[in-house]
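Trainee: I'd like to ask you about the structure that follows.
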Amino acid sequence: MIAEVIVDVAAHPIDRPFDYAIPKEVAVLAEPGMRVKVPFGNRKVLGFITKLKETSEFDPKRLKPIHELMDVVPVLNEELLKMAQWMKEQTVCFEIDALQVMVPAALRAKYEKRFVLNAPLEEIAAPLRIYFEKRPFIRLQDAVDIYSLLKKEMEKGTIIADTDIQQQTAVKKVRMIHISDSIEKLEAIEIRANAKQQLKLMDFFLRNAGRSIESSQLQKEAEVSLPTIYSLVEKEAAQISNMESYRDPKLLTEIEQKSSLQLTGAQQIAFDSIENALNTPKTFLLHGITGSGKTEIYLQTIDQVLKQGKEAIMLVPEISLTPQMTIRFKERFGDQVAVLHSGLSAGEKYDEWRKIQRAEVKVVVGARSAIFAPFQNLGLIILDEEHESSYKQDDSPRYHARDMAIWRSEYHNCPVILGSATPSLESYARAQKGVYELLVLEKRAKNQPLPDVHIVDMREELRNGNRSMFSVQLADAIRDRLEKKQQTVLFLNKRGYSSFVLCRDCGTVMQCPNCDISLTYHRSSETMKCHYCGYDERVPKTCPECESEHIRFFGTGTQKVEEELAKVVPEARVLRMDVDTTRNKGAHEKILSAFGEGKADILLGTQMIAKGLDFPNITLVGVLSADTTLHLPDFRAAEKTYQLLTQVSGRAGRDILPGTVFVQSYTPEHYAITLAKDQLYEPFYEQEMAMRRASGYPPYYYVVNIQFTHEDLMTVAEYADQTVRYLKSHLSPNTLIIGPSASLIARVNNRYRYQCLIKYKKEPKLTDTMQQLIKIHRTEWLKKGATLSIDMNPTSVM
DNA sequence: GGTTGGATCCAA
DNA sequence: TGGATCCAACCT
510 MIAEVIVDVA
520 AHPIDRPFDY
530 AIPKEVAVLA
540 EPGMRVKVPF
550 GNRKVLGFIT
560 KLKETSEFDP
570 KRLKPIHELM
580 DVVPVLNEEL
590 LKMAQWMKEQ
600 TVCFEIDALQ
610 VMVPAALRAK
620 YEKRFVLNAP
630 LEEIAAPLRI
640 YFEKRPFIRL
650 QDAVDIYSLL
660 KKEMEKGTII
670 ADTDIQQQTA
680 VKKVRMIHIS
690 DSIEKLEAIE
700 IRANAKQQLK
710 LMDFFLRNAG
720 RSIESSQLQK
730 EAEVSLPTIY
740 SLVEKEAAQI
750 SNMESYRDPK
760 LLTEIEQKSS
770 LQLTGAQQIA
780 FDSIENALNT
790 PKTFLLHGIT
800 GSGKTEIYLQ
810 TIDQVLKQGK
820 EAIMLVPEIS
830 LTPQMTIRFK
840 ERFGDQVAVL
850 HSGLSAGEKY
860 DEWRKIQRAE
870 VKVVVGARSA
880 IFAPFQNLGL
890 IILDEEHESS
900 YKQDDSPRYH
910 ARDMAIWRSE
920 YHNCPVILGS
930 ATPSLESYAR
940 AQKGVYELLV
950 LEKRAKNQPL
960 PDVHIVDMRE
970 ELRNGNRSMF
980 SVQLADAIRD
990 RLEKKQQTVL
1000 FLNKRGYSSF
1010 VLCRDCGTVM
1020 QCPNCDISLT
1030 YHRSSETMKC
1040 HYCGYDERVP
1050 KTCPECESEH
1060 IRFFGTGTQK
1070 VEEELAKVVP
1080 EARVLRMDVD
1090 TTRNKGAHEK
1100 ILSAFGEGKA
1110 DILLGTQMIA
1120 KGLDFPNITL
1130 VGVLSADTTL
1140 HLPDFRAAEK
1150 TYQLLTQVSG
1160 RAGRDILPGT
1170 VFVQSYTPEH
1180 YAITLAKDQL
1190 YEPFYEQEMA
1200 MRRASGYPPY
1210 YYVVNIQFTH
1220 EDLMTVAEYA
1230 DQTVRYLKSH
1240 LSPNTLIIGP
1250 SASLIARVNN
1260 RYRYQCLIKY
1270 KKEPKLTDTM
1280 QQLIKIHRTE
1290 WLKKGATLSI
1300 DMNPTSVM
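Residues 510 to 1307 in this note's numbering are what the first sequence lists, from first letter to last.
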């Protein structure tokens, strides 16, 4: 038997199956979808079996055998293997990247370089022997001091270099103690009278004969230590076994089971449409204003799917920010739910994934990669907040969860629901064309009015001499809420407020020496870091340009606002939520629940808090500057602004108390701002579509962004230039090629970056042409040190 | 991506 | 001529 293996080497020439012989001993076990260790060149790498076959085109004498099977049960099923190939074509990525992204990180390989003893210990130099006494190898990282000695031994061949493949996290095992069920046997065991601990434990055993208990639990209950347990195990009073167990990610809130809510008329209509299509591969766009009760529809549709004995995937943009969603799912479906989000450790994610693989759960709630949940019998896929850009992975494989969802829906003959208050223009346009079925919820479920949104012209404020970041109206409103003991949420758009370090005398902003970007100030370590290449240095005492000592660093934007806020309302209790305060595990939940319990008056943060904030006492929302996202050089700037404002406004007045929103802007007349005020999606859609049509962007055109990098500016410019000429001569005349031009950040890590844009409506030769580009890259540019990256349907073109 | 081995250049 | 160093080829 021969196995086709996709090897864990992400490089253009390796991006194809390699044939391996399957050793006789494991021939019965080997299956497609299993991970294997294989020799590759003169090292060993991990790979995935993608196919089994009888014969190979490759010279059988040169065929190497698989070194080791890493799985007993395949980690990828037939569907996912097929999907990986499709994904490779769609996103122009390496097949290995597609395969790896489908598997939990814990199952991806960790490579460790080490030196292995290849002769009797006595034959190597005396000073080295102590290193090899315990183990026949030493890890590279532990061997820095003895490197020259090792090198000599390697020349003799007594020590060889090797790479070891390790699995990161394994199955968690717990020690179970099985107490003997025979009282007579227990009573017959002799224990010395002075062994007080053992006597105490035996007493416990007699009272609990026949019970199986986790050893840590036993230590607590019987108040004894582990050695005591072991000594009784030796006397055969109990047996020890290791049992597989799941890590248990603790939720802060107790979950009680809840049943369905009564659907409103509009919800019922939407629900019925989906229910009627449960066994068809249909895509619905559920357009419901904030607070219209989309989640309840999701829950009840999933319930129907479960009744059919099928499974469901529920995607959310970033689940660690939306604990409420997780809680609602657990309330409704209990332990049939697996949760996958970035707040979990690799081991916890692996455990959740295993529950899915073993069909122990029926529903998965998770972020982007949960779309690859290995369910065998999918009945429904939901993407909540479908417009969110986090559904598109921004490095290879650059896939969009929405595309993957639709592919799987066709495979399983099941529907997809795309839900949003502010659908992406692409999805809405498809719904208009009838590709998706549009379902609309126009009213809030509890019939609350929409929040009262005021747009504040900040130019006016400036003219009136108010130079602070709070308008008079907003400041008054904050004080008012403070008096009424109601809560306020303040949003700051992160971009444009990054924390740079500046010389106040000459105006120099500290730049990264490797990239064309300013360094970011990190208060905790008193350093400046480059977020693109990782470069860091201490904040200088004097300016490197003019030697002035007037170095000023701005903390993160939110810190600055917090300081200003203290001047406006010194008595307010403020909670700040940003990258600094949420670094620790579970910090999001803690801050949010603290706010929910009324431990603060004001919650201040970036748009990361916009999602899932659902507290009845929030009656005021302030957007400090709506402009920062609006004027980004990106075709989605207006769309993003509209979405953000709508979402943020929706945080106010979700319960009985009505909500008020202040949106501060220097361009208050912009349609993205004026139309978000009353959640007028349709008019916004029309106007933005007109802009897109005029400028030739999605949904009118599809876009491909191609980026080139090279150490040398001239070389990269030439590469980009040649590519553009190639594209122009090979693609159809209606297709537009924009550029080449230098990227917005023209140099990263000392490499210059150029890009060009393909805009097309219909381009049957696109995939072929991209493959051609890769071929040219491989044969001509790779060896010159250039890189090529292709982003199909990018979320932004900056 | 990582290893190897051959070509090339330099100091003796 | 050893040896350092730089690339191109190859990987089943």
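Each residue gets a CB set at the ideal place from its N, CA and C atoms; glycine is no exception.
Is the segment 888 to 907 touching the segment 814 to 829 in the sense that three or more CB pairs, one from each, lie closer than 8 Å?
Mentor: Yes, the segment 814 to 829 touches the segment 888 to 907.
Trainee: Look up glycine 843 in the DSSP assignment and say whether it is helix, strand or coil.
Mentor: Helix.
Trainee: Identify the continuous alpha helix (DSSP H) that holds valine 1157 and give its terminal residues.
Mentor: Run containing valine 1157: 1146 to 1158, per the alpha helix (DSSP H) assignment.
Trainee: By how many angstroms is the C-alpha of glycine 1114 removed from the C-alpha of methionine 1086?
Mentor: Approximately 5 Å, taken between the alpha carbons.
Trainee: Among Ala914, His909 and Gly856, which residue has its Cα nearest to the Cα of alanine 882?
Mentor: Nearest C-alpha to alanine 882: Ala914.
Trainee: Is the separation between the beta-carbon of tyrosine 859 and that of proline 613 shorter than 7 Å?
Mentor: Yes, they are a contact pair.
Trainee: Taking only three categories from DSSP, how would you classify lysine 466?
Mentor: The structure shown does not extend to residue 466, since the chain spans only 510 to 1307, so no value can be given for it.
Trainee: State buried or exposed for lysine 1120, treating a residue as buried only when at least 16 other CB atoms are found within 10 Å of its CB.
Mentor: Buried, since its Cβ has 16 or more Cβ neighbours within 10 Å.
Trainee: What are the start and end residues of each continuous alpha helix (DSSP H) run of 4 or more residues lying completely inside the segment 1260 to 1287, in chain order?
Mentor: Listed in chain order, the complete alpha helix (DSSP H) runs (minimum 4 residues) inside the segment 1260 to 1287 are 1275 to 1285.
Trainee: In angstroms with no decimal places, state the Cα-to-Cα distance between lysine 1069 and glycine 1043.
Mentor: Distance between the alpha carbons of lysine 1069 and glycine 1043 is about 24 Å.
Trainee: Histidine 671 by DSSP, collapsed to three states: which one?
Mentor: Looking at the sequence itself, residue 671 is aspartate, so the reference to histidine does not match. Residue state, collapsed to three classes: strand.
Trainee: So for lysine 562, helix, strand or coil by DSSP?
Mentor: Strand.
Trainee: According to the neighbour-count rule (16 or more other Cβ atoms, all chains shown, within 10 Å of its Cβ), is glycine 1005 buried or exposed?
Mentor: Model confidence at glycine 1005 stands at a pLDDT of 41, short of 50, so the residue's coordinates are unreliable and nothing is read from them.
Trainee: What residues in its chain sit with their C-beta under 7 Å from that of aspartate 580, if we drop five residues either side in the sequence?
Mentor: Counting only Cβ-Cβ distances below 7 Å, and skipping sequence neighbours, we find Met543 and Arg544.
Trainee: Nearest to isoleucine 1254 by CA position, among Ser1027, Arg525 and Leu971, is which residue?
Mentor: Answer by Cα proximity: Ser1027.
Trainee: How about leucine 630 and leucine 658: are their beta carbons less than 7 Å apart?
Mentor: Contact: no.
Trainee: Indicate whether the contact test is met: 3 or more Cβ pairs, each with one atom in the segment 861 to 874 and one in the segment 1125 to 1134, closer than 8 Å.
Mentor: Taking 8 Å as the limit for Cβ pairs, the verdict is that the segment 1125 to 1134 does not touch the segment 861 to 874.
Trainee: Would you tell me roughly how many angstroms separate the C-alpha atoms of lysine 1293 and histidine 1286, rounded to the nearest one?
Mentor: In a straight line, the C-alpha of lysine 1293 is about 10 Å away from that of histidine 1286.
Trainee: Output the distance between the C-alpha atoms of arginine 877 and lysine 901, rounded to the nearest integer angstrom.
Mentor: Between arginine 877 and lysine 901, the C-alpha separation is close to 8 Å.
Trainee: Taking only three categories from DSSP, how would you classify lysine 871?
Mentor: Here lysine 871 sits in coil by DSSP.
Trainee: Whose C-beta lies closer than 6 Å to the C-beta of phenylalanine 603 among residues of the same chain, with five residues either side of it excluded?
Mentor: Hits under 6 Å: Ala519 and Asp524.
Trainee: According to DSSP, is arginine 1004 helix, strand or coil?
Mentor: Residue placement at arginine 1004 is flagged as unreliable, the pLDDT there being 49, under the threshold of 50; the coordinate-derived value follows with that caveat. Looking at arginine 1004 - three-state DSSP - the assignment turns out to be coil, as it is neither helix nor strand.
Trainee: With distances taken Cα to Cα, identify the nearest neighbour of glutamine 1136 among Leu815, Leu999 and Thr1150.
Mentor: The displayed chain sequence assigns aspartate, not glutamine, to residue 1136. Comparing Cα positions, the closest option is Thr1150.
Trainee: Using CA coordinates, which residue listed in Pro574, Met510, Asn717 and Phe1171 is at the minimum distance from lysine 562?
Mentor: With distances taken between Cα atoms, lysine 562 lies closest to Met510.
Trainee: Hey, would you say proline 906 sits closer than 7 Å to alanine 1161, going by beta carbons?
Mentor: No; because the gap between Cβ atoms is not below 7 Å, this pair is not in contact.
Trainee: Which residues does DSSP list as the beta-bridge partners of asparagine 751?
Mentor: Bridge partners of asparagine 751: Arg684.
Trainee: For the structure I just gave you, are there three or more beta carbon pairs, one from the segment 772 to 785 and one from the segment 797 to 815, closer than 8 Å?
Mentor: They touch, by the three-pair rule.
Trainee: Can you pull the DSSP bridge partners for histidine 521?
Mentor: BP columns for histidine 521 are empty, so no partner.
Trainee: Below 7 Å between beta carbons: does that hold for threonine 1091 and histidine 1097?
Mentor: Yes.
Trainee: Using the Cα positions of valine 962 and threonine 1169, report the straight-line distance between them to the nearest angstrom.
Mentor: Computed Cα separation, rounded: 6 Å.
Trainee: Can you give me the C-alpha to C-alpha distance between leucine 1153 and methionine 978, rounded to a whole angstrom?
Mentor: Those two C-alpha atoms are separated by around 19 Å.
Trainee: If you draw a straight line from the alpha carbon of valine 874 to that of alanine 940, how long is it in whole angstroms?
Mentor: One C-alpha to the other measures close to 25 Å.
Trainee: Rounded to the nearest angstrom, how far is the Cβ of alanine 731 from that of serine 689, given a contact under 8 Å?
Mentor: About 15 Å; that fails the 8 Å criterion.
Trainee: Evaluate alanine 1295 with the Cβ neighbour count: other Cβ atoms within 10 Å of its Cβ, from every protein chain shown; 16 or more gives buried, anything less gives exposed.
Mentor: Buried: at least 16 other Cβ atoms inside 10 Å.
Trainee: Between which two residues does the alpha helix (DSSP H) containing glutamate 967 stretch?
Mentor: Residue identity differs from the one stated: residue 967 is methionine in this sequence, not glutamate. Segment 967 to 972, the alpha helix (DSSP H) holding methionine 967.
Trainee: Between the Cα of valine 1048 and the Cα atoms of Cys1055, Gln650, His1040 and Thr1029, which residue gives the shortest distance?
Mentor: Taking only the C-alpha atoms, the option nearest valine 1048 is Thr1029.
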